[in-house]
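In what follows, a single structure is set out as C-alpha cells and then discussed.
Chains as they are written, first to last, in the numbering used here: chain R, -3 to 231; chain G, 2 to 586; chain E, 169 to 284.
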C-alpha cells in the first residue's frame, strides 16, 4: 500500500526557511512503524533526510518528532495510530531550534534536566548491604523513572512555548523522581530549584505533556505531587 | 582539524564507559565521546536484570553463579575472569543501589530477584552434585533494568561533572608505535575532525548486532570498536560466537526478555506442545539462550513452527496464564511491545517470537583489568583499554547467560577505570603522530566525492540478509565459504559507495556510510572465525561438526586482519575450578 | 538558553490560596444564589434585602465574598496572561492594571457594604 509522507525539511546550509516535501513510500501493512517509513525515504529516495534514531523500540528516546500534529516517537507510532489516508505530516519537535530537518537542538532541554540535580544525594555512610526500601516506596518512583528524555512533553507544553525559561515537565518529573526517593537527602535543594515562578508554578495543568508522553507517564500528576510538597514546605 | 588533550578518553557512554568514567580521579581530565547522547546508548534496552548471588530470595553463592557461567559458556569462558565477576557481583549491585538505582524490592525491602535462563543451584544446598534447579539470581527493576541502570550511571556522571562530547563519532584510533595515543572523531553537528590526544583510551563501543537482519540491537550497534582495533593490526577474539536471543518479536527482532520465561512464560510449537521439555528436561524453557534458539530453529525446520505473513517462521511465547499483576508489575514493557508492534494481547493470546541477533560474546581481547592485549601470550597494548560488549575478557565464552551482560559492564568497566586511574598517574603522553587523522580524512573525502553507483542502504541490507542466512544459528562449511567470497565482493563494492548528502551539518548519510564500513570490517572476522572453528560449542553450531571438540578447540581464536585471508592464532583458556563436562540441562 | 534564576519567591502561597479561595467561593456563591435567587422564604423584597445588609453576619458574608471573589478571579486572570510571552513593559502594565482594578473594586465593594 502506498503512503504519502509530508516532511518538513530544512538545511541551514541551503535553505533560508523550512519547507515541506512529499515522498510516496510503500508500506506492508498498518503495523508498519513510521520510523521504518522514514528510513525507507532515507535509504531509497533521499539520503539527505536527517533525523535521529537508535533503538527503534521506544527506549532510547532519540526519535521524538511531531507526527500529524502530535509529539510522538517515530519508532513507537505505527501507521494505524495516525491518519494515513491523507499525507502524514512529519515535523521536528516544536518550539526548540532546528539543526537540520527533524533534528532539533536539545541542549536547553538537557540543561533544565541537569538543573534539578538529577542524581541521588545521600551523604550518610552507606550500609554494607543495600539501603532498604519498601516495594511500595520503590514503586512510587517507577513511573517517573520510566522517562527516556525524548523531549516530547516539554516541547508540547504551552507554558514552555511562552516561557523559554520554564523548566518544563521533563525536568519536573525528574525532580519528583529524586524528591520522593526515600533514600535521598537533597529534597530541599531540589525543591528550591523548582520553587520559582519558572519552576513548578509555571505548570497550569494543561495536560499536553501527558498526552504527548510516549511512555504513558502521567506527568501532570507527578508535578501536582511536587506542588503539594512545595506547599507543605512553605506552610 | 581541532586538537584536544585529555588524560583519558572513553569511547562510548553505555554502561561500561560511564562506569569507567566514574573511576577517573579528580585532577585528571577525562572526556567521554559518544555518537549518541549518553542515555540513548543501547545498555538502556536491557530488560531482565543483573545477575548476583545476593541470596535475597533464596540461598545462593558466588560459586554456583561461577559454575553456571562456566557451564553456560560451554567451558570456553576464562575461569579466572569468571571468578572475579561472580565474586564481585554482590558488591557491584549494592554499589549501584547506593548510587540510587531504583530496584524492585522484596517484602523486607531488599533488592528483589527472579529466575533467569541457565542460573541454577543444587537442589540440596549441602550436596553440590545434586540435581540443579533454577535459582532467583537476577536483580531487577520491573523489565527496565538496563534503562534505570544506564540513567543511574549517567546521573552519577553528572554529579561528578564528567566531561561529555555527545554526538561525536569516533572513526579511528591513533597509534604511536606500540601504544595508543588517542582517537580521531568527527563532530556530527559540524563534520569537523577532532583529534583527541590521550594517555589512555578505553573502547566501550558496544556490539555489532546490525551485522544481521533480525536483531534486537539498536541502529547504532555497528561494531565500530571492533573495526578500529582490527584495522590497526590488533586481534579480535572469539568473534564466531554470536548470541541469538531465542525470543525476539517476530519480524522486528525486538527483545522479549527471558524474564518472561523467568516469571513462568512457556514456548509452544504449532502443535501446542511445550517443546523445551524435550530439549532441556530439567530447566525446560529456562535453558540457556543458545539451546533455546537451536530448539526453536529445529522445531521450525521440522515443520512445527508457524508460518508468518513475511515468509519467516516463528514459535509462540505464552504468558497468558500468568496473573495480571505479574504481567503489569513485572513485565509491563514487553507486554506493551507485543501490543504496540504486533497488536497481540499477551494476557489473552501467545506472542509470536523468533531468534534475533543479540550479543557479541567475542570482541577485543583484554585482561581482567580491561587492558587490551595484542597476542596469545597476553602482551598488553600500552594505553588501550576495552570493556563491555566490545571487549572479550572472556567471561561469556561461547554463550552468555542472561543477566551477565549488565554485570560484565559494571564489574569490568570499573576495573578498567581503576586500571586507567593507576596508569595515568605516572604515564606521559605518547607522542602524537602528525598523520593521526589522515586515514579518517581520506575516508571521508572519498565518500564525500564519490560518484559510485552503490548505495549505503541497499548494500547494508544485502550484508545483513546474507549474514542472517549463512552465519545464523546453524552454520556449515558451504555457507561460510560462500559468505567469505561474498564479504570480499561487498568490500569491493563498498569502495563504490556514494552518498547524497554533501553537506557539513549533521550529515547522517556520511555517518551511515562510515558505519557500513565498520559493519563489513566486523563481519569478516565473524565469518572467518566460524569457518575455522570446526566444532559446535555454545552459540557456534556447525551442522558439519555437531560435537564439541575439547582436544582441538578448547581454545580462544584470535583473528588478525591481513591483506589476504585473515590470520588465526589460538589462545589457551583459563581453567581453574571446573573441568569441562558435557553440557546438559 | 535556560537560566536558573534562583529562589525569587515561591509560588506556593498563591497556589494554596487559589485553592482555599476556590473552596470558599464554592460555599459562598452557592449560599448567595440560594438566598438571593432560589429560596423565596429568605425574602427577595427591597426591605428584606435591606434588612440583611444591616445584619453583621451578612455584612461579614458579603465582605468575604467580595474579597475572596476578587482575589481568586484576578489571580486567575493574571495566571492566564502569564501564559503568554510579553515584553516586560506590557507585563508590568497588565499586572498594574489587575492590581489597581482589584483595589478599586474592593474599595467600592467594601464601601457599599459598610454604608448600610
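Even glycine gets a Cβ: it sits at the ideal position worked out from N, Cα and C. None of the values given here were measured: they were computed from a predicted structure.
* Go ahead and pull the three-state DSSP assignment for residue 212(E). => In the third chain, residue 212(E) corresponds to position 44, counting from 1. In this structure, residue 212(E) counts as coil in the three-state DSSP scheme.
* Identify which residue in 7(R), 3(R) and 212(R) has its Cα closest to the Cα of residue 503(G). => Numbered from 1 along the second chain, position 502 holds the residue referred to as residue 503(G). Checked all of 7(R), 3(R) and 212(R); the closest Cα to residue 503(G) is 7(R).
* Which two residues bound the contiguous beta strand (DSSP E) that contains residue 561(G)? -> Here residue 561(G) refers to the residue found at position 560 of the second chain. Per DSSP, residue 561(G) belongs to the beta strand (DSSP E) from 556 to 561.
* **Beta carbon proximity, residue 179(E) to chain R, threshold 7 Å** => If you number the third chain from 1, residue 179(E) lands on position 11. Yes, residue 179(E) counts as interfacial toward chain R.
* For residue 167(G), which of helix, strand or coil comes out of DSSP? -> For the purposes of this step, residue 167(G) is taken as the residue at position 166 of the second chain. Looking at residue 167(G) - three-state DSSP - the assignment turns out to be strand.
* Asked: Using a Cβ cut-off of 8 Å, which residues of the segment 82 to 105 of chain G contact any Cβ in chain R, in chain order?
  -> So the close ones are 94, 95, 98, 99, 100, 101, 103, 104 and 105.
* Asked: Would DSSP call residue 186(E) helix, strand or coil?
  -> One-based indexing of the third chain puts residue 186(E) at position 18. Residue 186(E): helix per DSSP, three-state reduction.
* What residues from the segment 112 to 143 of chain G come within 8 Å of chain R, judged by C-beta to C-beta, listed N to C? -> 112, 113, 142 and 143
* **Helix, strand or coil at residue 373(G) [DSSP, three-state]** => For the purposes of this step, residue 373(G) is taken as residue 372 along the second chain, with counting starting at 1. In the structure shown, residue 373(G) sits in a strand (DSSP, three-state: E or B).
* Just to confirm, are residue 497(G) and residue 453(G) a CB contact at a threshold of 7 Å? -> In the second chain, residue 497(G) corresponds to position 496, counting from 1. In the second chain, residue 453(G) corresponds to position 452, counting from 1. A contact, by the Cβ cut-off of 7 Å.
* Pick out the complete beta strand (DSSP E) segments inside the segment 82 to 158 of chain R, 3 residues or longer, and give them in chain order. => 84 to 87 and 94 to 96
* Pick helix, strand or coil for residue 174(E), following the three-state DSSP scheme. => The count along the third chain starts at 1 and reaches residue 174(E) at position 6. Residue placement at residue 174(E) is flagged as unreliable, the pLDDT there being 48, under the threshold of 50; the coordinate-derived value follows with that caveat. Taken through DSSP and simplified to helix, strand or coil, residue 174(E) comes out as coil.
* Buried versus exposed, by CB contacts within 10 Å (16 or more), residue 542(G) -> On the second chain, position 541 is the one that residue 542(G) refers to. Residue 542(G) is buried by the Cβ-count criterion.
* To do: Take every Cβ of the segment 518 to 532 of chain G, pair it with every Cβ of the segment 217 to 233 of chain G, and state whether three or more of those distances are shorter than 8 Å.
  => yes
* **Inter-residue spacing [alpha-carbon to alpha-carbon] between residue 25(R) and residue 216(G)** => On the first chain, position 29 is the one that residue 25(R) refers to. On the second chain, position 215 is the one that residue 216(G) refers to. Approximately 21 Å between the Cα atoms of the pair.
* To do: Pick out whichever of 239(E), 170(E), 211(E) and 205(E) has its Cα sitting closest to the Cα of residue 185(E).
  => Locating residue 185(E) in the third chain gives position 17, where the first residue counts as 1. Nearest C-alpha to residue 185(E): 239(E).
* To do: Kindly list the residues whose CB is nearer than 8 Å to the CB of residue 189(G), restricted to its own chain and excluding five residues on each side of it in sequence; keep chain order.
  => For this step, residue 189(G) is matched to residue 188 along the second chain. So the list reads 36, 168, 169, 170, 507, 508, 509 and 512, once near-sequence residues are dropped.
* Straight-line Cα distance separating residue 379(G) from residue 367(G) -> By 1-based counting over the second chain, the position of residue 367(G) is 366. By 1-based counting over the second chain, the position of residue 379(G) is 378. In a straight line, the C-alpha of residue 367(G) is about 8 Å away from that of residue 379(G).
* **Beta-bridge partners of residue 360(G), as assigned by DSSP** => Mapped onto the second chain, residue 360(G) falls at position 359. Answer is 244(G), bridged to residue 360(G).
* Going along chain R in order, which residues have a C-beta closer than 9 Å to the C-beta of residue 253(E)? -> In the third chain, counting from the first residue as 1, residue 253(E) sits at position 85. Those are 157, 158, 159 and 160, listed as they occur along chain R.
* Taking Cβ positions only, does residue 184(E) come closer than 7 Å to chain R? -> Reading the third chain from its first residue, position 16 is the one you call residue 184(E). True, the Cβ-Cβ gap to chain R drops below 7 Å.
* Asked: Would residue 233(R) count as contacting chain E if we go by Cβ distances under 7 Å?
  -> What is shown of chain R runs -3 to 231, which leaves residue 233(R) out entirely.
* So what does DSSP say about residue 186(G), is it helix, strand or coil? -> Counting from 1 along the second chain, the entry for residue 186(G) is found at position 185. Here residue 186(G) sits in strand by DSSP.
* **residue 581(G) in three-state terms, based on DSSP** => Along the second chain, read from residue 1 onward, the residue named residue 581(G) stands at position 580. Coil at residue 581(G), not helix or strand.
* Buried or exposed (CB count within 10 angstroms, at least 16 for buried), residue 81(R) -> As a position in the first chain, residue 81(R) is number 85, starting the count at 1. Residue 81(R) should be labelled exposed.
* Under 8 Å Cβ to Cβ from residue 174(E), same chain only, skipping five residues before and after it: list those, please. => Position 6 of the third chain, counting from 1, holds the residue named residue 174(E). Because residue 174(E) carries a pLDDT of 48, less than 50, the predicted location of this residue cannot be relied on, and no value is offered for it.
* Is it the case that the Cβ atoms of residue 180(G) and residue 383(G) are separated by a distance below 7 Å? -> As a first step, residue 180(G) must be located in the second chain, where it is residue number 179. As a first step, residue 383(G) must be located in the second chain, where it is residue number 382. With a cutoff of 7 Å on beta-carbon distance, residue 180(G) and residue 383(G) are scored as near each other.
* Asked: According to DSSP, which residues form a beta bridge with residue 381(G)?
  -> In the second chain, the residue the question calls residue 381(G) occupies position 380. Its beta-bridge partners are 374(G).
* Among 201(R), 158(R) and 86(R), nearest to residue 45(R) - alpha-carbon criterion -> Sequence index remark: in the first chain, residue 45(R) carries index 49 (1-based). Closest option to residue 45(R), Cα to Cα, is 86(R).
* Asked: Could you give the distance in angstroms between the alpha-carbon of residue 412(G) and the alpha-carbon of residue 430(G)?
  -> On the second chain, position 411 is the one that residue 412(G) refers to. On the second chain, position 429 is the one that residue 430(G) refers to. Going by the C-alpha atoms only, they are around 27 Å apart.
* Show which residues of chain G have a CB atom less than 8 Å away from the CB atom of residue 56(R). => On the first chain, residue 56(R) is found 60 positions in, with the first residue counted as 1. Residues of chain G passing the Cβ test: 37, 40, 41, 42, 43, 45, 46 and 219.
* Neighbourhood of residue 143(G) by C-beta, 8 Å cutoff - its chain only, sequence neighbours within 5 removed -> By 1-based counting over the second chain, the position of residue 143(G) is 142. Closer than 8 Å at the Cβ level, and outside the excluded window around residue 143(G), lie 105, 330, 331, 332, 333 and 334.
* Asked: Beta carbon of residue 210(R): closer than 6 Å to some heavy atom of the ligand SAM?
  -> Ligands are entirely absent from the displayed structure, and the ligand SAM is therefore not among its contents.
* **Closest residue to residue 376(G) among 68(G), 153(G), 516(G) and 234(G) (Cα-Cα distance)** => Position 375 of the second chain, counted from the start, is the residue given in the question as residue 376(G). For residue 376(G), the nearest C-alpha among the options comes from 234(G).
* Asked: Using a beta-carbon distance cut-off of less than 7 Å, what residues from the segment 164 to 179 of chain R approach chain E?
  -> none
* Asked: If you measure from the beta carbon of residue 115(R) to each beta carbon in chain G, is any gap under 7 Å?
  -> Within the first chain, residue 115(R) is the residue found at index 119, counting from 1. Cβ-Cβ to chain G under 7 Å: yes for residue 115(R).
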